[in-house]
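Visitor:
2 protein chains.
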Amino acid sequence: MAKINNLLKRERQAYILYRLDLHNRVLNANLCEDMEVSEDTVRRDLQELANAGKLIKVHGGALSLAFSEVHFRSRNIYSQGQKAIIAEKAISLIQTDMYVLTSGGTTILEMARHLPPQLRATFITGSIPALNAYMAHPHINVIAVGDRVNKESKITVGASTLEKIKEVNADLCLLGINAIDVQKGITDSDWEVVELKKAMIAAAAKTVCLAIAEKLNSFEALKVCGLTEIDYLITELDPTDKLLEPYVKAGVTVL
Amino acid sequence: MAKINNLLKRERQAYILYRLDLHNRVLNANLCEDMEVSEDTVRRDLQELANAGKLIKVHGGALSLAFSEVHFRSRNIYSQGQKAIIAEKAISLIQTDMYVLTSGGTTILEMARHLPPQLRATFITGSIPALNAYMAHPHINVIAVGDRVNKESKITVGASTLEKIKEVNADLCLLGINAIDVQKGITDSDWEVVELKKAMIAAAAKTVCLAIAEKLNSFEALKVCGLTEIDYLITELDPTDKLLEPYVKAGVTVL
DNA sequence: ATTGGTTTTGCTGTTTTATGCAGGTTTGTA
DNA sequence: TACAAACCTGCATAAAACAGCAAAACCAAT
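Next comes the structure, spelled out in structure tokens:
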């Protein structure tokens, strides 16, 4: 990389932005070598540019804004307030360094957004929107299970996904669910999603179901699992709510 | 630098602007030496010219107005336009029902946004932003190759990704690249990205490199491949441009 | 040429800015 | 947990900027 020395402060900063534009990221060590100034000077430049909102400073360098433009649409998630309550309850189950399998769905997305910034854990998912959310978090590790993408549900599905999930020994499996019923258990309407959820449940030590109350006592065509296979049920309701009693009796821990 | 002494104030200021026009920057120390006046005098001149909006005064000297335009204002919009041109050229190579492997990066993203709505093809990628873009398309099939997600580059990396890519027989591999040089070939700065690109190139019948012209004749630390391994090079320039001649001579088809 | 007023310039002392360095702390990773 | 890299804080220094003043230059009219 070309050495450019004896620059004025403004020129240095312009050059940094120029480099960012080219490569989307710059390293402090790199810059200070090329411009022949100390690391401190570069660091101060990056800090100033970051304050001015021209780049994103990270440990060791900086990232361009254009690249990390996350089209973060928190727009009209259905019954967002309730989902926020659910999110908080679900997060209370996640502990440091856990491996967490998650499905897709807006409830999970809402949870992803509420993850405390200092949390360290590994999240595994096939949901593209969930991946986006997890990537925005400073500390968590993200693992994508890959295969064909189902555009409807925006998750990866197929043999390879199932296979990969079977290799995982997760601590927790967080499922956003579409229907739950005391007799019929967890049900869903999409064959591929059902297969995926089955695999996820099998791969995790504990299974947590996230559902807004209106999904209680409803069912769909395809069975995912019975109530005995799930450990926690989280809704926006108070755990002592009448609606939840049957599930408590069936042995599910309700939060 | 020529010494020009005994100037009137007006003449000095004209000379300063002249120098700025030539070099886009002037240093106070330089000017006061050449014109044989004190630093204070030059400083006052610069101050007046800055007040009149003829230049940008900075600590130690001044910058031309053109400088600020080139380096701050137009840079984003400008390269956006360039990338759109590149996108169109790349799209012309994609035919119905092809299997297309793509890397990440803003250039690829720009291409994803320009895909014609009626196109039917299968896109395979480990780039999360690219996945997002492809998912928005009505007809294309999307395949995600999964593994650990590198948050810097927003792509999946690791053994499983590489393995999966090796199973693919793609028609086309579209690479957004960071540096290309006639001698050194394609280079990059991130080990994992390099491994991924190598695998992608090996898995596709034809390899296409997408790069804005600024990345021509530059190189980074790690080698992806030599020029002989790539089939097409796409920049925003006209294929007959002087800058591209060496690449044509090296046997690359330049679009 | 002299005078008085204005402009320009350079000088002095002080303040601000830019930069590098020493130290201790935090962070990321093996 | 240990280690190296990156970070932050405070400090020192030199360069640049600033403010105020006075000498010099300029100008116009006498």
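Here the protein sequences come in this chain order: A and B.
First residue of the first sequence? That's -14 in this note's numbering, and the numbers climb one at a time after it.
First residue of the second sequence? That's -14 in this note's numbering, and the numbers climb one at a time after it.
Even glycine gets a Cβ: it sits at the ideal position worked out from N, Cα and C.
Here's a check: name, in chain order, each residue in its chain whose Cβ is nearer than 6 Å to the Cβ of A/V231, leaving out the five neighbours to either side.
Guide: Counted from its first residue, the first sequence places residue 231 of chain A at position 246. Residue 231 of chain A is actually Pro in this sequence, not Val. Closer than 6 Å at Cβ, skipping near neighbours: V167.
Visitor: Excluding sequence positions up to five away, which residues of its chain have a Cβ less than 8 Å from the Cβ of B/R60?
Guide: Against the second sequence, residue 60 of chain B aligns to sequence position 75. Here B/R60 scores only 48 on pLDDT, less than 50, and its place in the model is too uncertain to base an answer on.
Visitor: Locate the beta strand (DSSP E) running through A/A188, then write down its first and last residues.
Guide: As a first step, residue 188 of chain A must be located in the first sequence, where it is residue number 203. From DSSP, A/A188 is part of no beta strand (DSSP E) but of the alpha helix (DSSP H) over 176 to 188.
Visitor: Between which two residues does the alpha helix (DSSP H) carrying A/D146 extend?
Guide: The residue you call residue 146 of chain A lines up with position 161 of the first sequence. Looking at the sequence provided, one finds Thr at residue 146 of chain A rather than Asp. Segment 144 to 151, the alpha helix (DSSP H) holding A/T146.
Visitor: Quick test of your reading: B/E205 and B/N163, contact by CB under 8 Å. State the CB separation rounded to the nearest angstrom.
Guide: On the second sequence, position 220 is the one that residue 205 of chain B refers to. On the second sequence, position 178 is the one that residue 163 of chain B refers to. Correct: roughly 6 Å between the Cβ atoms.
Visitor: Using 8 Å as the limit for Cβ to Cβ distance, is B/M120 near chain A?
Guide: Taking the second sequence and counting its residues from 1, one reaches residue 120 of chain B at position 135. Yes, B/M120 lies at the interface with chain A (some Cβ there is under 8 Å from its Cβ).
Visitor: Buried or exposed: which applies to A/G236, given that a residue is buried once 16 or more other Cβ atoms fall within 10 Å of its Cβ?
Guide: Walking along the first sequence from the start, residue 236 of chain A turns up at place 251. Exposed is the call here.
Visitor: On the premise that A/L157 lies in contact with A/A196, defined as a C-beta separation below 8 Å, what is that separation, rounded to the nearest angstrom?
Guide: Here residue 196 of chain A corresponds to residue number 211 of the first sequence, with the count starting at 1. Here residue 157 of chain A corresponds to residue number 172 of the first sequence, with the count starting at 1. About 16 Å separates the two Cβ atoms, so there is no contact after all.
Visitor: Going straight from the alpha carbon of A/R10 to that of B/L16, what length do you get?
Guide: The residue given as residue 10 of chain A occupies position 25 in the first sequence. The residue given as residue 16 of chain B occupies position 31 in the second sequence. Roughly 36 Å separates the two Cα atoms.
Visitor: Got a sec: is the Cβ-Cβ distance from A/N117 to anything in chain B below 8 Å?
Guide: As a position in the first sequence, residue 117 of chain A is number 132, starting the count at 1. For A/N117, the answer is yes, since a Cβ of chain B falls inside 8 Å of its Cβ.
Visitor: Let me know the secondary structure DSSP gives B/V233 once reduced to three states.
Guide: Position 248 of the second sequence holds residue 233 of chain B. B/V233: helix per DSSP, three-state reduction.
Visitor: Nearest to B/G211 by CA position, among B/K182, B/H8, B/L94, is which residue?
Guide: Translated into the one-based positions of the second sequence, residue 211 of chain B becomes position 226. When each option's Cα is compared against that of B/G211, the closest is B/K182.
Visitor: Taking the DSSP output, what are the residues bridged to B/R29?
Guide: In the second sequence, counting from the first residue as 1, residue 29 of chain B sits at position 44. Looking at the DSSP assignment, B/R29 forms no beta bridge with any residue, so it has no partner.
Visitor: Give the straight-line distance between the Cα atoms of B/T110 and A/A155, rounded to the nearest whole angstrom.
Guide: Position 125 of the second sequence, counted from the first residue, corresponds to residue 110 of chain B. Position 170 of the first sequence, counted from the first residue, corresponds to residue 155 of chain A. Whole-angstrom Cα-Cα distance: 26 Å.
Visitor: If the criterion is Cβ atoms closer than 8 Å, does the pair A/P114 and A/G143 meet it?
Guide: Here the question's residue 114 of chain A lines up with position 129 in the first sequence. Here the question's residue 143 of chain A lines up with position 158 in the first sequence. No, these two residues do not count as a Cβ contact at 8 Å.
Visitor: Please work out which residues of its chain come closer than 6 Å, Cβ to Cβ, to A/C194, disregarding the five sequence neighbours upstream and downstream, and give them in chain order.
Guide: Taking the first residue of the first sequence as 1, we reach residue 194 of chain A at position 209. Cβ neighbours of A/C194 beyond the five flanking positions: L160, I162, I215, L218.
Visitor: Given a threshold of 16 other Cβ atoms within 10 Å of its Cβ, counted over all protein chains shown, does B/N(-9) qualify as buried or as exposed?
Guide: Locating residue -9 of chain B in the second sequence gives position 6, where the first residue counts as 1. Classification of B/N(-9): exposed, given that the 10 Å Cβ count is below 16.
Visitor: Using a Cβ-Cβ cut-off of less than 8 Å, give me the residues of the stretch 126 to 150 of chain A that come near chain B, in sequence order.
Guide: Residues N126, V127, I128, A129, V130, G131, D132, R133, V134, K136, K139, T141, S145, T146, K149.
Visitor: Compute the Euclidean distance between the alpha carbons of B/T146 and A/I140, then round it to the nearest angstrom.
Guide: Residue mapping note: residue 146 of chain B aligns to position 161 of the second sequence, counting from 1. Residue mapping note: residue 140 of chain A aligns to position 155 of the first sequence, counting from 1. Rounded to the nearest angstrom, the two C-alpha atoms are 17 Å apart.
Visitor: Can the beta-carbon of A/A51 be found less than 8 Å from the beta-carbon of B/T91?
Guide: Locating residue 51 of chain A in the first sequence gives position 66, where the first residue counts as 1. Locating residue 91 of chain B in the second sequence gives position 106, where the first residue counts as 1. In contact: A/A51 and B/T91 (Cβ atoms closer than 8 Å).
Visitor: Which residues does DSSP list as the beta-bridge partners of B/L157?
Guide: Locating residue 157 of chain B in the second sequence gives position 172, counting from the first residue. Its beta-bridge partners are B/V85, B/K191.
Visitor: I believe B/V127 touches A/L116 by the beta-carbon criterion, under 8 Å. Please report the beta-carbon distance rounded to the nearest angstrom.
Guide: Position 142 of the second sequence, counted from the first residue, corresponds to residue 127 of chain B. Position 131 of the first sequence, counted from the first residue, corresponds to residue 116 of chain A. Between A/L116 and B/V127 the Cβ distance is about 13 Å, and since that is not below 8 Å, they are no contact.
Visitor: Could you please give the first and the last residue of the uninterrupted alpha helix (DSSP H) stretch that includes B/A118?
Guide: Taking the second sequence and counting its residues from 1, the one referred to as residue 118 of chain B is at position 133. Its alpha helix (DSSP H) spans residues 113 to 120.
Visitor: Are the CB atoms of A/R98 and A/A118 within a distance shorter than 8 Å?
Guide: Taking the first sequence and counting its residues from 1, one reaches residue 118 of chain A at position 133. Taking the first sequence and counting its residues from 1, one reaches residue 98 of chain A at position 113. Taking 8 Å as the Cβ cut-off, A/A118 and A/R98 qualify as a contacting pair.
Visitor: Short of 7 Å in beta carbon distance, which residues of its chain neighbour A/F57, apart from the five on each side in sequence? Order them along the chain.
Guide: Against the first sequence, residue 57 of chain A aligns to sequence position 72. Caution is warranted here: a pLDDT of 42 is assigned to A/F57, below 50, making its placement in the model unreliable, and no coordinate value can be reported.
Visitor: Listing by chain order, which chain B residues have their CB less than 7 Å from the CB of A/L7?
Guide: Taking the first sequence and counting its residues from 1, the one referred to as residue 7 of chain A is at position 22. Here the neighbours are E199, K200.
Visitor: Does the Cβ-Cβ distance between A/L2 and A/K39 come in under 8 Å?
Guide: For the purposes of this step, residue 2 of chain A is taken as the residue at position 17 of the first sequence. For the purposes of this step, residue 39 of chain A is taken as the residue at position 54 of the first sequence. Result yes, Cβ atoms of A/L2 and A/K39 sit closer than 8 Å.
Visitor: Residues of the stretch 31 to 43 of chain B with a CB closer than 8 Å to any CB of chain A: list them in chain order, please.
Guide: So the list reads I41, V43, given in the order they occur along the chain.
Visitor: Compare the Cα-Cα distances from B/S77 to each of B/Q65, B/G66, B/M96, B/Q67 and report the closest residue.
Guide: Looking up residue 77 of chain B in the second sequence gives position 92. Out of B/Q65, B/G66, B/M96, B/Q67, B/M96 has the C-alpha closest to the C-alpha of B/S77.
Visitor: Just the C-alpha distance for B/V153 and A/Q103, rounded to the nearest angstrom, thanks.
Guide: Here the question's residue 153 of chain B lines up with position 168 in the second sequence. Here the question's residue 103 of chain A lines up with position 118 in the first sequence. Straight-line Cα distance between these residues: approximately 39 Å.
Visitor: Within 10 angstroms of the Cβ of B/T213, are there 16 or more other Cβ atoms? Answer buried if so, exposed if not.
Guide: Translated into the one-based positions of the second sequence, residue 213 of chain B becomes position 228. By the neighbour-count rule (16 or more Cβ atoms within 10 Å), B/T213 is not buried but exposed.
Visitor: Using the DSSP secondary-structure output, state which residues sit across from A/G170 in a beta bridge.
Guide: Here residue 170 of chain A is taken as the residue at index 185 of the first sequence, counted from 1. Answer is A/D166, bridged to A/G170.
Visitor: What residues match up with B/T252 in a beta bridge as DSSP calls it?
Guide: Because chain B here runs from -14 to 240, residue 252 of chain B falls outside it and cannot be looked at.
Visitor: For the beta strand (DSSP E) containing B/L48, list its first residue and its last residue.
Guide: Numbered from 1 along the second sequence, position 63 holds the residue referred to as residue 48 of chain B. Element bounds for B/L48: 46 to 48.
Visitor: On the DSSP letters alone, give me the boundaries of the alpha helix (DSSP H) that B/L242 sits inside.
Guide: As displayed, chain B neither begins before -14 nor continues past 240, which places residue 242 of chain B out of reach and without an answer.
Visitor: Looking at the strands, I want to know which residues DSSP matches up with B/I41.
Guide: One-based indexing of the second sequence puts residue 41 of chain B at position 56. In the DSSP output, where bridge partners are listed per residue, B/I41 has B/L48.
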